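The listed protein sequences correspond, in order, to chains C and S. Residues in the first sequence are numbered from 1 upward in steps of one, following the UniProt record's numbering. Residues in the second sequence are numbered from 1 upward in steps of one, following the UniProt record's numbering. Presented below is the structure to which this report refers.
There are 2 protein chains.
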Amino acid sequence: MTNHHSPLENHLLDALPTDVYKRMLPNLEPVEMPLGKVLYESGEALRYVYFPTDCIVSLLYVMENGSQAEIAVIGNEGIVGLALFMGGETTPNRAVVQSAGHAYCLSSARVKQEFALNGPLLRLLLRYTQALITQMSQTAVCNRHHSLDQQLCRWLLLSLDRLASNNLVMTQELIANMLGVRREGVTVAAGNLQDAGLIDYYRGHITVLDRPGLEKRVCECYQVVKHEFDRLLPYPPLK
Amino acid sequence: MTNHHSPLENHLLDALPTDVYKRMLPNLEPVEMPLGKVLYESGEALRYVYFPTDCIVSLLYVMENGSQAEIAVIGNEGIVGLALFMGGETTPNRAVVQSAGHAYCLSSARVKQEFALNGPLLRLLLRYTQALITQMSQTAVCNRHHSLDQQLCRWLLLSLDRLASNNLVMTQELIANMLGVRREGVTVAAGNLQDAGLIDYYRGHITVLDRPGLEKRVCECYQVVKHEFDRLLPYPPLK
DNA sequence: TGCCGTCTGTGCGGTTGCGAACGTAAGGGA
DNA sequence: TCCCTTACGTTCGCAACCGCACAGACGGCA
Numbered sequence: 001m002t003n004h005h006s007p008l009e010n011h012l013l014d015a016l017p018t019d020v021y022k023r024m025l026p027n028l029e030p031v032e033m034p035l036g037k038v039l040y041e042s043g044e045a046l047r048y049v050y051f052p053t054d055c056i057v058s059l060l061y062v063m064e065n066g067s068q069a070e071i072a073v074i075g076n077e078g079i080v081g082l083a084l085f086m087g088g089e090t091t092p093n094r095a096v097v098q099s100a101g102h103a104y105c106l107s108s109a110r111v112k113q114e115f116a117l118n119g120p121l122l123r124l125l126l127r128y129t130q131a132l133i134t135q136m137s138q139t140a141v142c143n144r145h146h147s148l149d150q151q152l153c154r155w156l157l158l159s160l161d162r163l164a165s166n167n168l169v170m171t172q173e174l175i176a177n178m179l180g181v182r183r184e185g186v187t188v189a190a191g192n193l194q195d196a197g198l199i200d201y202y203r204g205h206i207t208v209l210d211r212p213g214l215e216k217r218v219c220e221c222y223q224v225v226k227h228e229f230d231r232l233l234p235y236p237p238l239k
Numbered sequence: 001m002t003n004h005h006s007p008l009e010n011h012l013l014d015a016l017p018t019d020v021y022k023r024m025l026p027n028l029e030p031v032e033m034p035l036g037k038v039l040y041e042s043g044e045a046l047r048y049v050y051f052p053t054d055c056i057v058s059l060l061y062v063m064e065n066g067s068q069a070e071i072a073v074i075g076n077e078g079i080v081g082l083a084l085f086m087g088g089e090t091t092p093n094r095a096v097v098q099s100a101g102h103a104y105c106l107s108s109a110r111v112k113q114e115f116a117l118n119g120p121l122l123r124l125l126l127r128y129t130q131a132l133i134t135q136m137s138q139t140a141v142c143n144r145h146h147s148l149d150q151q152l153c154r155w156l157l158l159s160l161d162r163l164a165s166n167n168l169v170m171t172q173e174l175i176a177n178m179l180g181v182r183r184e185g186v187t188v189a190a191g192n193l194q195d196a197g198l199i200d201y202y203r204g205h206i207t208v209l210d211r212p213g214l215e216k217r218v219c220e221c222y223q224v225v226k227h228e229f230d231r232l233l234p235y236p237p238l239k
């Protein structure tokens with residue numbers, strides 16, 4: 001499969017001033033992002049950062065007993081590997097490709113070079129970090145207070161925003177892992193949404209039929225996160 | 001009450017190189033931090049950052065229906081108002097003093113001056129940001145997967161780490177608000193810990209009797225967060 | 001001394017999600 | 001074609017937590 005994607009499909013890269021972008025371009029390497037690919041494990045030193053163009057990456061926390069929970073999702077609006085620029089080198093998270101596609105990757109050495117210049121990349125990533133923090137804290141709140149139905153709506157909408165199509169390739173088992181709930185719970189919640197005519201799913205393929213309907217049903221968490229992303233990282237970029 | 005605290009009691013300030021610290025010192029203003037004081041509201045522009053010396057500040061998310069949940073706690077190891085340096089100016093959180101004490105505050109203009117130098121303060125705050133992110137994501141996980149007993153242990157230990165004494169002034173009602181659970185639930189959980197001889201509480205005063213016992217009972221979340229703080233922000237600082 | 005507000009303890013029914021087990025149906029490969 | 005894997009649906013008992021209601025218990029104040 002030829003990679004017909006431009007790095008500019010990643011919103012962060014697109015938002016960079018032309019000179020910075022041109023400086024970085026030779027070092028950006030296109031990579032396939034197959035479903036399930038582990039970009040890094042918890043505690044592992046990061047060797048690359050990834051700028052997704054048409055894939056979705058989940059940040060997961062893996063517990064001692066093996067169960068896991070999704071902390072945040074990253075698509076073409078962001079970057080995977082923030083810990084590199086934060087100075088910690090590692091994170092206690094796992095990053096996994098949740099929806100297959102492509103990305104551009106950049107070696108840690110190159111990234112640090114650019115950071116050291118204290119230029120637009122640093123400022124941009126700071127804003128993105130704040131948006132990501134909002135997403136994480138909203139996840140904490142949502143985990144505590146909202147029903148599985150609503151959380152599923154939130155998750156579907158977050159995924160949808162990061163994809164071109166309204167079709168997700170995702171089994172209920174995987175969704176359950178992401179949300180940190182049982183597979184049976186997802187079966188019921190998805191059944192509710194299907195009965196309401198909002199989605200249609202069939203053996204690992206979910207089609208969103210009525211996006212406005214989902215937005216009516218979702219908890220406030222989704223809008224809060226979306227507003228914060230739009231506020232901090234307007235797209236198309238103003239430059 | 002005279003303020004006999006030095007800014008150096010805040011670990012971040014203490015970790016700064018002497019020249020940077022001396023440059024900032026004239027602008028640091030001591031402030032009282034009474035219980036319940038709201039440092040900023042959700043969506044409000046930040047006018048100051050605060051470096052706590054002997055108080056604890058909670059970051060809370062307030063939901064549409066008025067209920068709230070704690071996202072993170074900040075004590076003398078950190079700074080309140082990170083959003084200022086991230087570039088967003090506001091956050092969708094509320095910051096409230098959870099345990100009375102003191103802090104040093106710094107106007108937003110002064111902070112930005114220092115950030116612009118791209119110096120040690122920026123690098124230090126980046127590391128702190130990563131530690132805070134760890135705390136937030138661990139909160140998300142803990143909310144989903146662990147029992148109220150364990151969450152209460154975690155909360156007590158996090159608070160204890162940020163205080164000099166083993167005595168907390170805190171009603172069950174307030175703890176319930178922080179944890180986003182019912183007051184009755186806290187009554188039961190605290191009763192369990194009291195029956196186990198780990199704590200003693202009496203009308204808004206909690207005394208920790210057996211800290212190692214709490215650490216045995218707490219979920220993994222506490223240690224993960226603590227390790228990450230120790231790794232990213234060693235104290236005393238190496239300089 | 002008596003009253004009132006705050007803080008804590010307890011009980012009850014209802015809901016939600018967990019854990020495990022089992023059934024079914026649709027591909028995919030030999 | 002048959003078998004086996006994957007994906008989804010359903011059930012049942014169990015535990016945790018919620019919402020509500022109310023009771024006691026302590027402390028400050030008149």
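The beta carbon of each residue, even a glycine, is placed where N, CA and C say it ideally should be. Being a predicted model, the structure only gives us computed values, none of them experimental.
{"Asked": "DSSP state of C:Pro-120, grouped into three classes?", "Found": "helix"}
{"Asked": "Taking 8 Å as the CB-CB cut-off, is C:Leu-126 touching chain S?", "Found": "yes"}
{"Asked": "Please classify C:Leu-117: is it buried, with 16 or more other beta-carbons within 10 angstroms of its beta-carbon, or exposed?", "Found": "exposed"}
{"Asked": "Please list, in chain order, all residues of the same chain as S:Val-31 whose beta carbon is under 8 Å from its beta carbon, the five residues on each side excluded.", "Found": "Tyr-50, His-102, Ala-103, Tyr-104 and Cys-105"}
{"Asked": "Could you check where the alpha helix (DSSP H) with S:Gln-221 kicks off and where it finishes?", "Found": "Reading off the sequence shown, one finds Cys at residue 221 of chain S, where the question assumed Gln. It spans 220–232 - the alpha helix (DSSP H) in which S:Cys-221 sits, taken as one unbroken run."}
{"Asked": "Could you tell me the boundaries of the beta strand (DSSP E) in which S:Asn-167 lies?", "Found": "167–169"}
{"Asked": "How far does the beta strand (DSSP E) with S:Gly-101 in it reach, from first residue to last?", "Found": "101–107"}
{"Asked": "Ends of the beta strand (DSSP E) at S:Met-33?", "Found": "29–33"}
{"Asked": "Identify the continuous alpha helix (DSSP H) that holds C:Thr-18 and give its terminal residues.", "Found": "18–24"}
{"Asked": "Would you mind telling me which residues of chain C sit closer than 7 Å to S:Pro-92, beta carbon to beta carbon, in chain order?", "Found": "Thr-134, Val-224 and Glu-228"}
{"Asked": "What residue from C:Ser-99, C:Val-80 and C:Gln-98 has the CA that sits closest to C:Thr-90's CA?", "Found": "C:Val-80"}
{"Asked": "From the DSSP output, in three-state form, read off C:Thr-53 for me.", "Found": "coil"}
{"Asked": "Could you tell me the distance, in whole angstroms, from the CA atom of C:Asp-195 to the CA atom of C:Leu-158?", "Found": "21 Å"}
{"Asked": "Pop quiz: S:Ser-42 and S:Asn-93 are said to be a contact at Cβ under 8 Å. What is the actual Cβ separation, rounded to whole angstroms?", "Found": "6 Å"}
{"Asked": "For chain C, find out if any of its Cβ atoms is closer than 8 Å to the Cβ of S:His-5; answer yes or no.", "Found": "no"}
{"Asked": "So, under 8 Å CB-CB, S:Arg-144 and C:Asn-143 are touching, yes? Tell me the CB distance rounded to an integer number of Å.", "Found": "4 Å"}
{"Asked": "Pick out whichever of S:Arg-23, S:Pro-26, S:Ile-74 and S:Asp-19 has its Cα sitting closest to the Cα of S:Met-33.", "Found": "S:Ile-74"}
{"Asked": "Can you check whether the CB of S:Tyr-201 is closer than 8 Å to the CB of S:Ala-190?", "Found": "yes"}
{"Asked": "Once the 5 residues before and after C:Glu-70 are set aside, which same chain residues still bring their CB inside 6 Å of it?", "Found": "Ser-58, Leu-60 and Met-178"}
{"Asked": "State the Cα-Cα distance for the pair S:Phe-115 and S:Leu-124, rounded to the nearest angstrom.", "Found": "11 Å"}
{"Asked": "Where do the ends of the alpha helix (DSSP H) carrying C:Leu-157 lie?", "Found": "148–161"}
{"Asked": "Buried or exposed, going by whether 16 or more other CB atoms sit within 10 Å of the CB of C:Asp-149?", "Found": "buried"}
{"Asked": "So the candidates are S:Lys-22, S:Leu-174, S:Leu-238 and S:Leu-198; which of them puts its Cα closest to the Cα of S:Ser-67?", "Found": "S:Leu-174"}
{"Asked": "Where does S:Ile-199 sit, in a helix, a strand or coil, going by DSSP?", "Found": "strand"}
{"Asked": "Please report the straight-line C-alpha distance between S:Val-62 and C:Gly-213, rounded to a whole angstrom.", "Found": "25 Å"}
{"Asked": "Given a threshold of 16 other Cβ atoms within 10 Å of its Cβ, counted over all protein chains shown, does C:Glu-77 qualify as buried or as exposed?", "Found": "buried"}
{"Asked": "Between C:Asn-192 and chain S, is any beta-carbon pair separated by less than 8 Å?", "Found": "no"}
{"Asked": "Are the CB atoms of C:Thr-129 and C:Leu-160 nearer to each other than 8 Å?", "Found": "no"}
{"Asked": "In chain order, what residues of the same chain lie with their CB nearer than 7 Å to the CB of C:Pro-120, ignoring the 5 residues before and after it?", "Found": "Leu-16, Pro-17 and Val-20"}
{"Asked": "For C:Tyr-61, which of helix, strand or coil comes out of DSSP?", "Found": "strand"}
{"Asked": "At which residues does the alpha helix (DSSP H) containing C:Ile-79 begin and terminate?", "Found": "Unbroken run through C:Ile-79: none, as it is neither H nor E."}
{"Asked": "By how many angstroms is the C-alpha of S:Lys-37 removed from the C-alpha of S:Lys-112?", "Found": "24 Å"}
{"Asked": "Indicate whether at least one CB of chain C lies closer than 8 Å to the CB of S:Ser-137.", "Found": "yes"}
{"Asked": "For C:Arg-47, does the three-state DSSP call read helix, strand or coil?", "Found": "coil"}
{"Asked": "Would you mind working out which of C:Glu-9, C:Pro-236 and C:Ser-165 sits nearest C:Thr-207, comparing C-alpha positions?", "Found": "C:Ser-165"}
{"Asked": "Roughly how far, in whole angstroms, is the beta-carbon of S:Glu-220 from the beta-carbon of C:Glu-64, given that I think they are within contact range, below 8 Å?", "Found": "5 Å"}
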